[in-house]
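**Q** Each step along the sequence shown adds one to the number in the working numbering, with nothing skipped, and position 24 is 827.
The structure under discussion is supplied below as structure tokens; questions concerning it will follow.
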Amino acid sequence: MRTQSDRVLNKIQHPDAYREASSPVLVIAGRGDPLFPLSYTRDVYESIVAPHKELLILESQVHLLFNEDLDALLPPLLDRLSLLSHGYLTSAT
């Protein structure tokens, strides 16, 4: 039986085209995301090639972090954007 996650993923066209990035990448997930388990998020993260990448896991139980848990999302997101704007996220780690 196909899961909700499978149905969503099948709608993404050319997922391999998104695997390589020339800029820093931040993957953000809620620990209790009801659509995508952390194992899936970690697999996606591991498949990304980028000059800098980071996996940020929030203690949230929702999928739509921007809509449903902005208070948890904004502080760490703004911290990362500040680092990026000051040139601290330019090399691979």
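In this text, a Cβ means the ideal position worked out from N, Cα and C, and glycines have one as well.
Since this is a predicted model, take the numbers as computed values, not measurements.
Based on Cα-Cα distance, which residue from Y843, P827, S826 lies nearest to R834?
**A** Taking only the C-alpha atoms, the option nearest R834 is Y843.
**Q** Output yes or no for whether 8 Å exceeds the beta carbon distance between L884 and I831.
**A** For L884 and I831, no; Cβs fall outside 8 Å.
**Q** Can you tell me which of the three DSSP states L858 falls into?
**A** Looking at L858 - three-state DSSP - the assignment turns out to be strand.
**Q** Since I believe E862 is in contact with A875 (beta carbons under 8 Å), could you give me their beta-carbon distance rounded to a whole number of angstroms?
**A** Going by Cβ atoms, the distance from A875 to E862 rounds to 7 Å, so yes, they are a contact pair.
**Q** Taking S878 as the reference, give the member of P827, G890, L859, P837 with the closest Cα.
**A** In the sequence as displayed, the identity of residue 878 is Pro instead of Ser. Taking only the C-alpha atoms, the option nearest P878 is L859.
**Q** In the DSSP assignment, what are the bridge partners of A832?
**A** Bridge partners of A832: I860.
**Q** If you count every other CB in all the chains shown that lies within 10 Å of the CB of P837, and 16 or more means buried, which is it?
**A** When all chains shown are included, P837 counts as exposed.
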